[in-house]
Amino acid sequence: MYNHEPKGYVCPMCQVSRGEATTKGSCEADVVYRNDLVTCFIAGKWWRSNRGHVIVIPNKHIENIYDMEEEYGHAIMDASKRIVIALKKAYGCDGVSTRQHNEPAGNQDVWHYHLHIYPRYKGDCLYLSHDDTYWPSQDEKNIYSAKVKSQL
-3 MYNHEPKGYV
7 CPMCQVSRGE
17 ATTKGSCEAD
27 VVYRNDLVTC
37 FIAGKWWRSN
47 RGHVIVIPNK
57 HIENIYDMEE
67 EYGHAIMDAS
77 KRIVIALKKA
87 YGCDGVSTRQ
97 HNEPAGNQDV
107 WHYHLHIYPR
117 YKGDCLYLSH
127 DDTYWPSQDE
137 KNIYSAKVKS
147 QL
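Following the working numbering, the residues of the sequence shown are numbered contiguously, the last one being 148.
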């Protein structure tokens, strides 16, 4: 009903959930946690003040929250709790923020439900620094994925 996925869409989140590399550079090495319902991985695009944020996705292709089955919603929240605790321990961050977008007007640009979990630091200006994003190298992502995995 509230779907915007174009015809022939190749879903990068489905690729990650299947352990495949994506055109944006996400790969199996970025995955920090996976079970039958969800996959959690180090994001491919970062804010310099909030490096190593994690994305949580359902393994099933679900475009947005409107289409979310309760079983997947519960699994995403359960995995998110594990991830936020791991981020606190691994990064020593001052807090965490979660963010999730639906439909183009809601700033969704990947047509698969995904929840961002950001490590937060006092004065980091996360929501004000949109021009301060970059695509980290695989070596840099590996450092953060190892830190998170060590706490899970």
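Think of the CB as a built atom: it goes at the ideal place given N, C-alpha and C, for glycine as much as any other residue.
inquiry  = Buried or exposed, going by whether 16 or more other CB atoms sit within 10 Å of the CB of E1?
reply    = Burial call: exposed.
inquiry  = Taking the alpha helix (DSSP H) that I139 belongs to, which residues open and close that run?
reply    = 134 to 145
Residues of its chain near T94, where Cβ-Cβ distance is below 7 Å and the 5 sequence neighbours each way are ignored = S76, L111, H112, I113
ask   = H108 and C10 look like a contact to me (Cβ under 8 Å); what is the Cβ gap, rounded to whole Å?
value = 6 Å
ask   = When you compare only the Cα positions, how much space is there between H70 and K137?
value = 27 Å
query = Which residues share a DSSP beta bridge with S93?
reply = Y114
message = Based on DSSP bridge pairs, tell me the residues matched to T129.
response = W43
task = Check whether the region 26 to 39 touches the region 119 to 129, counting contact only when three or more Cβ pairs, one atom from each stretch, lie closer than 8 Å.
result = no
ask   = What is the C-beta distance between Y(-2) and N60, in whole angstroms, given that I count them as a contact (C-beta under 8 Å)?
value = Confirmed, about 6 Å.
message = Just to confirm before moving on: does the CB-CB distance between N46 and L122 stay below 7 Å?
response = yes
Start and end residues, beta strand (DSSP E) containing V52 = For V52, the enclosing beta strand (DSSP E) begins and ends at 50 to 54.
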